[in-house]
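What follows is a short report on a single structure.
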Ligand code: PLP
Ligand code: COI
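In the working numbering, the protein residues as written are 138 to 490.
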């Protein structure tokens, strides 16, 4: 595909790598292209990073027609830069687009956009282990009218942010609260899609948990408030009686690429991984009997995040003495080793630029 390039005349300076935080600093450029029904995607361009202008009736502002992705560019020890399973993000973006009646991307073009953009912003890929250039592709409906229907016009953009760890705790265990009031999504809804509205609807519970001293909430299913779904904006896994249990992808859960990778790593290490319904009652009994050995969240931003404490109603349970467990640590080491190019990649997951 043809990508027009307009370079900035006022390049920015990268802040010190130990002070990046998550998603606060942006690179010098952004990618933009527009879609019109009947014509397809057009005017692909990389231009100086800056504000965008929208018609006040733009669909995204009223009906939430928006989807996004999140993936990282990693700096290897040898100085090279690589992506991790980028095609998985592209395919998921298209599944999200289909759910939200937004136009799909050509997969080959999407990969070319990612690689062209990261190569252009290469100096923004930080060098220390654990830091990365977080890539945020997003796509929104942009009809300039108030009718409710599938859009005829859309915009696709890609921005990037050099980032450190997602949680202030880093790899230290976090305190999580089981949320029994709000739900994130429901089956038949948009849970499997990475659409902005899911996140808008989930912040209230997250804020309430934060006020009580918890880092995030553990979501239950929207129908019976009975089955475990996700933790904050991450998938969740448990080690119960030596086996790994993770909620099955029933439609209300985002099919995480880290989740999929963890399952493949765990199975290659000989662990039994069960993708099934896991009720909160089963989890509570496992905590009470001591059968629950480890619990962790997994996602691109934090990689894995051990859960050291879980609250349900008035009760607080400490998991694994509040320390990171052996399996969680092993997953962290293996995944980060592959992503940052410190170890071999027997799975063929990395995509060097
Ligand atoms: N669940 C939700 C709701 C998310 O937003 C994310 C992050 O993208 C994940 C799970 C983890 O997905 P992935 O591992 O692909 O980043
Ligand atoms: C993740 O990468 O795990 C996320 O949930 C990203 C978040 C900022 C939406």
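Cβ coordinates follow ideal geometry from the N, Cα and C atoms, glycine included.
Since the structure is predicted, the reported quantities are computational estimates derived from the model, not experimental observations.
The beta strand (DSSP E) runs of length 3 or more contained entirely in the segment 179–223 are, from start to end of the chain, 203–205, 208–212 and 218–221. DSSP places residue 432 in the uninterrupted beta strand (DSSP E) bounded by 429–436.
If you check the CB distance, residue 254 and residue 204 do not come in under 9 angstroms. When the Cα atoms are used, residue 315 and residue 352 turn out to be separated by approximately 11 angstroms. The beta carbon of residue 225 lies closer than 6 angstroms to those of 394 in the same chain, with the five residues before and after it left out. Taking the CA atoms as reference points, residue 157 sits about 18 angstroms from residue 309. Rounded to the nearest whole angstrom, the CA to CA distance from residue 193 to residue 286 is 17 angstroms. In the three-state reduction of the DSSP assignment, residue 151 falls in the coil class. Short of 7 angstroms from the beta carbon of residue 399, and not among the five residues preceding or following it, lie these beta carbons of its own chain, in chain order: 374, 435 and 468. When DSSP states are grouped into helix, strand and coil, residue 279 belongs to the coil group.
Using a cutoff of 8 angstroms, the CB of residue 277 does not count as near the ligand COI, since none of the ligand's heavy atoms is closer than that. A distance criterion of 8 angstroms places the beta-carbon of residue 371 in contact range of the ligand COI, judged by its closest non-hydrogen atom. As DSSP reads the structure, residue 456 sits in no beta bridge. Per DSSP, residue 336 has no beta-bridge partner at all.
The Cβ-Cβ distance between residue 262 and residue 212 falls below 9 angstroms.
The Cβ atoms of residue 266 and residue 178 do not sit closer than 9 angstroms to each other.
Distance from the CA of residue 486 to the CA of residue 242, rounded to the nearest whole angstrom, comes to 22 angstroms.
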